[in-house]
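Chains as they are written, first to last, in this note's numbering: chain A, 1 to 336; chain B, 337 to 672; chain C, 673 to 1008; chain D, 1009 to 1344.
#1: Can you give me the start and stop residues for the alpha helix (DSSP H) that residue 325/A sits inside?
#2: What does residue 1007/C pair with, by DSSP beta-bridge criteria?
#3: Which residue's Cα is closest to the Cα of residue 1297/D: 1047/D, 1266/D, 1155/D?
#4: With a Cβ-Cβ cutoff of 8 Å, do residue 793/C and residue 733/C count as a contact?
#5: Under the assumption that residue 904/C contacts residue 828/C (Cβ atoms under 8 Å), give the Cβ distance between them as a whole number of angstroms.
#6: When the Cα of residue 357/B is compared with those of 351/B, 349/B, 350/B, 367/B, which residue comes out closest?
#7: Please report the distance separating the alpha-carbon of residue 713/C from that of residue 959/C.
#8: Please confirm if residue 431/B has its CB atom under 8 Å from at least one CB of chain D.
#9: Compile a chain-ordered list of the residues in the segment 635-659 of chain B whose CB is closer than 9 Å to at least one CB of chain A.
#10: Between the segment 1316-1335 of chain D and the segment 460-475 of chain B, do at least 3 Cβ pairs fall closer than 8 Å?
#11: Name the residues in the segment 436-462 of chain B whose C-beta lies less than 9 Å from a C-beta of chain D; which are they?
#12: 8 Å is my cut-off, CB to CB: does residue 691/C come that close to chain A?
#13: Give me whichever residues DSSP pairs with residue 1067/D in a beta bridge.
#14: With 8 Å set as the bound, which would you pick, yes or no: does the beta-carbon of residue 560/B sit closer than that to a beta-carbon of chain C?
#15: Extract the residue ranges of the beta strand (DSSP E) inside the segment 87-166 of chain A, only unbroken runs of 3 or more that lie entirely within it.
#16: Assign residue 613/B to one of three DSSP states: helix, strand, or coil.
#17: So what does DSSP say about residue 529/B, is it helix, strand or coil?
#18: Out of 677/C, 929/C, 847/C, 901/C, state which residue places its alpha-carbon closest to the alpha-carbon of residue 913/C.
#19: Along the chain, where does the alpha helix (DSSP H) that runs through residue 171/A open and close?
#20: So residue 153/A contacts chain B; which residues on that side make the cut at Cβ distance below 9 Å?
#21: Can you tell which of 213/A, 203/A, 193/A has its C-alpha closest to the C-alpha of residue 327/A?
#22: By the DSSP assignment, the beta strand (DSSP E) with residue 66/A in it spans what residues?
#23: Among 551/B, 531/B, 444/B, which one has its Cα closest to the Cα of residue 380/B?
#24: Where does residue 688/C sit, in a helix, a strand or coil, going by DSSP?
#25: Check whether the segment 1065-1084 of chain D touches the segment 402-418 of chain B, taking contact to mean three or more Cβ pairs, one atom from each stretch, closer than 8 Å.
#26: Under 8 Å, do residue 370/B and residue 672/B count as touching if we go by C-beta distance?
#27: Can you find the residues in the same chain that come closer than 8 Å, C-beta to C-beta, to residue 8/A, ignoring five residues on each side of it along the sequence?
#28: Note the first and the last residue of the continuous alpha helix (DSSP H) segment covering residue 970/C.
#29: Residues of chain A with CB closer than 8 Å to the CB of residue 699/C, please, in chain order.
#30: With a threshold of 16 other CB atoms inside 10 Å of the CB of residue 81/A, please say whether the residue is buried or exposed.
#31: Name, going along the chain, the residues of the segment 282-296 of chain A whose beta-carbon falls closer than 9 Å to a beta-carbon of chain C.
#32: Is it a yes or a no for the segment 551-571 of chain B touching the segment 511-524 of chain B, going by three-plus beta-carbon pairs under 8 Å?
#33: Less than 7 Å between C-beta atoms, sequence neighbours within five positions excluded: which residues of the same chain meet that for residue 1013/D?
#34: Can you find a C-beta in chain D that's less than 8 Å from the C-beta of residue 929/C?
#35: In terms of alpha-carbon separation, which member of 989/C, 979/C, 985/C lies closest to residue 1004/C?
#36: Would you identify the three-state DSSP class for residue 916/C, choosing helix, strand or coil?
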């Protein structure tokens, strides 16, 4: 089958189109013909060797993918041939608290991922995706959407009437926006570009802040909330923005720390955190039951993920370059 | 001032128009000129002597009312003259778990209630109401809306994608419908009348069931949920419906038991409850902080309570009769 | 291998000693040589045909058993030969919320159970048991202990300083006593016999109530709690005692409904439940992660389950008869 | 009455013995003759002008104190003359989530505190203390004990079998140790002195680590927990230790950030926090209902706070010097 590998070394140029043997489903496995995939920032870090330099190569990259079940092992009972499924990010994290064992079973490293024609996964490691979604839309869900749901809904316990701050226009931020709106919260967003803020307004953002023209965006957040600050921040900027987030959060508010885009170390004064009774929660995608609960809500609301651009399988490298540019608004997908 | 009292005995005919001295606000009290009130089933039981036969008389009835602050005691800091406020049901239940002391401070018995021109309340016992509401709409909030919010949101932890069952078209049920929709849940409703079901559909009910023509409505609920049952039931029917509710609930589902409309004792088989891992939670309105959080959501969504009919102050008895008839769809209010 | 079966019909006399082929572990299974088992009330109901009359026969009874892993399938990674493990009650309930599928995978019906020399279970369906326990002690854990832990700790969120009421001296009640003490709660117990109350006092019960000599035990509970009632009741008596439990519970208290010993239907007035803001929660044993968390606590505290009596394998029928007599204090076990 | 004030400027030498008029209880106030007080690190920072340089002077310092109610205002119903009570730290934080208003009502700044013969407090701002405690012991509770309870029990939801790390031998750390033991958790402790570790062992610490001789104490913590790390850390060291705490915590573990003893800014790499799904929670003492729940547990267990040393009222300055030395093991008290 056709596949891409990170072959011998890491680096953008290591992404190599190759041939692999088509996998055979074991007794508890299902064989999926992949139809679409989506890219996450983790995939870029992995390709560049920044995520886990000890990752064994070759590796088929990408955590997110959707396809059709074309055959099943003889013991399989959860899934049927013909069903459209996505793989779950951590293949062994079905439910419950995360454990080391569960978290080392992730697709796109250490396990081979979705940038191939076929993948064989344990029947427990897949979920049916909502019918109203295109393949590309469905392929955006396993990492970014589950992360946003876990941050705001499962762990964040967001309530109607609460105010949420999202940062930028990446996949997690836009899913956070959509879910926050779905549960009746108000959303404030930051972005570096007014045209993106205009698009965010269309998606339901109540107030946008251009952090280029308003670098002290935390003060603007306080103004917009009558001085109180926001109840929840989905922090994707990492060290570069966290100090400001701590000043934009309400007393007793929650900051979900998702990823690290703008730097890896933070000179970060803990005092304001303490004084505000704030909760900082690291978020690690989520388990399969979270994914299934989220799908139920997406199906009910016929919610559509925001897909920025779809590349053909042959242009996977271009998709990575586009992700690296940071110009996207929503998810970047591949169609097979 | 003008007021109504339940004077010497209980009974529908005991409701008597009378004169009372206008209250003087104590140092920590605010004096409110009432502009609207609303009726709850508890008020009817109270009038009939069925709620608490030991209640001392005379009593000014009604728990729910809204008005303008016309003067404040010298120590008052939370409230200003001219603000529009509602009284909270349990005057001493500001936040935290309920206690005997907190719960014996309720308006409309044992404390005098809202069916009067003025009331003086401790500054802690009032909340500002959302600006976009009429006085009558705002007057519906203290009992019915707080109860529904407490059941579904505070205690029920309802999630987007969940399915909620409401029963009938009383105040609590309609607020539960509106809040469930606000947080992204699906709503199924029962009613005895098709025209009411049609109105419920307009308010966002996904599926209505006429329990006169479909007496085994629990089976229909199962059909509508793919056999799973609903995740949450706001049980207002009491003994008459609880046995069916237990058959309509999902594994691990929650039943909020609100009130008792159809009988006071239940021959109720506990086995199915056990087998389903169901949670049954008695709901006692809620505290002031719950009221305030709810108001924040109502204001954000510019949500309008469903007011069925507004009676003038002079026709309070007619309002009680109308409530007793059970014909209402939403709240019954009084305008002063 | 030697085994017992409920063979063609239900009834105490149906328990038949027989020979079965020794199971072969499948790729993901472990083969366990059983060394001890314990009996639960469910096993008795199952044998009598009262639990699930549609259960297919023959059935090897018993949910609880412990033994040594003697061989493992080729794909097994969680468990090693030589380890001492217990089976989990619901073989597919690893973690998360219960589902129909998870709950229909229980040992001792519908799946064959532990009253045999060997059993083959999926590697996910077993847990290592604390080293300091005898085989018989370890065999008491899967149903009764997990149920008590789930009721008080996982679902009940019991706090130090809370007061718990336990009923009688069955397995779940005594585990509830031990766990309540472990987390710093006070325990009140009811029993029909003073000598049992004396033994309960030794185990840490603060106050015992003989419900034969004090049939209005709910009033005594109120006296013992300064009028407040207890915070949590582990209700094992079912319909016969629930009405009193509702009168013995505190405002906002929790009743965990475990089983039904004294009757299957309850004429149960829902009003007091409502007025007290009480929560009634059906408890269905629990998942594997609950079992593992409990084991961690049992190991830390070197807690010993209360084993009333141990019967040899050959006297399984006598063990059932003894359970049916209700005379036990703690768990009834079998040694193989 | 006799009192101490921070008079015109901040600094250790500003603590001045003086005379103040004895307060008169207002209608809702109680007048307390103080019998004992205790010192917190916040009091030291306040005296030095490091806590809040904008604090108005003169100020009577100290948040923690206990005494006898000697008279009550005419509206007081919660408290009786002769009862022994402590003031609550934040006088307006009775229950519920913290708010700006609630948190700016704290004793020892901005409100006058306990270092005086008398104090008048609103009846809502006091709690009865457990009978078995001496006055000095009872005086240790309002800040340090409530903080530890809030961190581990209310917010931390500590379970039996969990492992907790405490740091040093200050008041919060020792209360955390005592509460962790009370609820069945295992405690690991760090200290700079072996003799203190020996005393900690007597109090129930399972494993002590001398961080002078084992500067990489996080590695030792991992060894002691089979590689897993601890479930909960009560972080009192602030910036100086937080980086190591993040390496000593388990996957999904919780760090309660209490105070800042070793520095005010942290160069703190957020990546490990993210990778471990860790929760960082700032803790702000707690509300009155938390205090009352804690007292119930302390009374049941007849738990004794660890009082290091008691100074007479006349030697308040010596008490502050002793606190500043960091040599204490438990709480430093004053007797009046």
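Glycine included, every Cβ here is placed at the ideal spot set by N, Cα and C.
Concretely, from the data shown:
#1: 316-325
#2: 708/C, 984/C
#3: 1155/D
#4: no
#5: 6 Å
#6: 367/B
#7: 19 Å
#8: yes
#9: 635, 636, 637
#10: no
#11: 437
#12: no
#13: 1014/D
#14: no
#15: 118-122, 126-128
#16: coil
#17: coil
#18: 929/C
#19: 171-182
#20: 495, 496
#21: 193/A
#22: 64-72
#23: 444/B
#24: strand
#25: no
#26: yes
#27: 14, 57, 58
#28: 960-973
#29: 27
#30: exposed
#31: 287, 288, 289
#32: yes
#33: 1024, 1026, 1066, 1067, 1068
#34: no
#35: 979/C
#36: helix
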